[in-house]
Ligand code: FAD
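Residue numbers (the working numbering): 1 to 367.
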């Protein structure tokens, strides 16, 4: 008999398993996949740590979370500074002085850039933006919109910006310094040796069963543990009785090349609509490796999600939130199961939020 069965060996499940083991609880972790680490899984291929379920950059402003994660890995000082390719032009993200001076040859100072953007906004202002296109032009003017926002956003959502609702984009931050750091957080980095090692360390000394789907054998698993922590999709747990919760998904096409350096940066966004992928990730640059003879890239294609596809980003619109609340109500009646993680709570969590949420659950379990 186990004290806890943790369903899902992702960051949420592993954090809880690690903390519960420290409290001398007997824990079993199962995962339906053939590997641990959930979506932060990195696979070492030819010496390169490939982010199999999409690029993951650890960033947080929470000092406690930052020092917590350091016990499982040493982090490098990677700073996410994506590049944009639009036709034969290259720009820096987020929108900053490097971007502006390249977009407009007569811009040299922050004052020039402010004036230019204000001028563009004023000349093309639309009083009541009816769609995302009009909203974006109001926020940053037509040049930034046309080159850096339009095609990328349309690919992400599978529809032209003029057919998307205005509320999707509330802000498009502009920065009047020469700073290409994508995140505003205090701490940032990539674990040296990959993310899987973090989860390996967390699960060290804990019994783990892979290729094991809890829902295939629910009664048996319920009978072997006093309490269950379920980090799979909440709608699936209840047999989709109210219908499936929607997600957005991404397809990754990964290719290996016999060359040292494919694009010179970990992340290059393609904002031209005619190029079907949204980004290319070159995994070795997360670890500053330019020496190995090979490189591995992943092209990311945004796709409409269909039931059965990998659920990546919850679509927290009114319809889905109502549906989730119905499942949450059902969940509150199942006293021996705690629902957690991004799938169990139907909420997008960055890795730092995931750790914070796991600690909240731990506190509840102790009550
Ligand atoms: P998961 O990692 O999804 O783990 C859930 C596990 O449960 C899975 O392994 C699954 O196989 C298993 N499971 C499900 N159902 C069952 C079942 N019935 N039986 C057994 N096992 C089951 N965060 C950042 O901080 N920085 C980033 O740069 C970043 N980039 C991201 C990019 C993408 C494309 C996505 C989708 C997310 C990104 N995140 C990022 C968020 C990060 O991935 C999450 O915070 C984290 O993975 C959440 O962990 P989890 O354990 O809740 O979920």
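Every residue, glycine too, gets a C-beta built ideally from N, C-alpha and C. Everything numeric in this text was worked out from a predicted model, so none of it was measured.
| Check | Outcome |
| --- | --- |
| Of the residues 156, 208, 59 and 115, the one placed nearest residue 79, counting alpha carbons only | 59 |
| Between the CA atoms of residue 324 and residue 40 - distance to the nearest angstrom | 24 Å |
| Strand pairing of residue 59, partner residues [DSSP] | 188 |
| Residue 111 to residue 101 span [Cα, whole Å] | 12 Å |
| Among 53, 150, 3 and 104, the one whose alpha carbon lies nearest that of residue 272 | 150 |
| Contained beta strand (DSSP E) runs [length at least 3] in the segment 291-356, N- to C-terminal order | 295-303 and 337-339 |
| Any non-hydrogen atom of the ligand FAD closer than 7 Å to residue 7 Cβ | yes |
| Cβ-Cβ distance between residue 141 and residue 121 below 8 Å | yes |
| Nearest-angstrom beta carbon gap, residue 302 and residue 135 [assumed within contact, 8 Å] | The Cβ separation is near 20 Å, so there is no contact. |
| Proximity winner among 12, 11, 17 and 331, relative to residue 2 (alpha-carbon distances) | 17 |
| Three-state class that DSSP yields for residue 3 in the structure shown | strand |
| Neighbourhood of residue 68 by C-beta, 8 Å cutoff - its chain only, sequence neighbours within 5 removed | 355 |
| Supposed close pair residue 358, residue 12 - CB separation, criterion 8 Å | 5 Å |
| Candidates 300, 167, 207 and 46, of which the one nearest residue 31 by Cα | 207 |
| beta-carbon residue 167 near the ligand FAD non-hydrogen atom, thresh 7 Å | no |
| Selection from 117, 296, 300 and 15 that minimises the alpha carbon distance to residue 279 | 300 |
| Heavy atom of the ligand FAD within 7 Å of residue 239 beta-carbon | no |
| Cβ neighbours of residue 95 in the same chain (closer than 8 Å, five flanking residues each side left out) | 140, 144, 148, 172, 173, 174 and 175 |
| Beta-carbon gap between residue 257 and residue 295 smaller than 8 Å | yes |
| Stretch-stretch touch, CB-based, cutoff 8 Å, three pairs: the segment 235-252 with the segment 261-275 | no |
| Cα-Cα separation, residue 88 to residue 167 | 31 Å |
| Buried versus exposed call for residue 91 [16 or more other C-beta atoms within 10 Å across all chains shown] | buried |
| Residue closest to residue 181, alpha-carbon to alpha-carbon, out of 289, 97, 26 and 306 | 97 |
| Residue 213 versus residue 115: straight-line alpha-carbon distance, rounded | 58 Å |
| Residue 194 CB to nearest heavy atom of the ligand FAD below 7 Å | no |
| Identified DSSP bridge partners for residue 267 | 281 |
| Distance between beta carbons of residue 249 and residue 42, contact taken as under 8 Å | So it is not a contact: roughly 20 Å between Cβ atoms. |
| Assigned exposure category for residue 21 - 16 Cβ within 10 Å defines buried | buried |
| For residue 114, three-class secondary structure by DSSP | helix |
| Secondary structure, beta strand (DSSP E): runs of 3+ residues fully inside the segment 129-168 | none |
| Proximity test, residue 351 beta-carbon vs the ligand FAD heavy atom, cut-off 7 Å | yes |
| Contacting residues, own chain, Cβ-Cβ under 6 Å from residue 104 (five flanking each side not counted) | 116 |
| Option nearest residue 19 by Cα separation, candidates 161, 83, 306 and 201 | 201 |
| Contacts around residue 293, its chain only, beta-carbon distance under 7 Å, and the 5 residues preceding and following it disregarded | 258 and 260 |
| Proximity below 8 Å, CB of residue 190 to CB of residue 36 | no |
| Spatial distance of residue 66 from residue 187 (CA atoms) | 7 Å |
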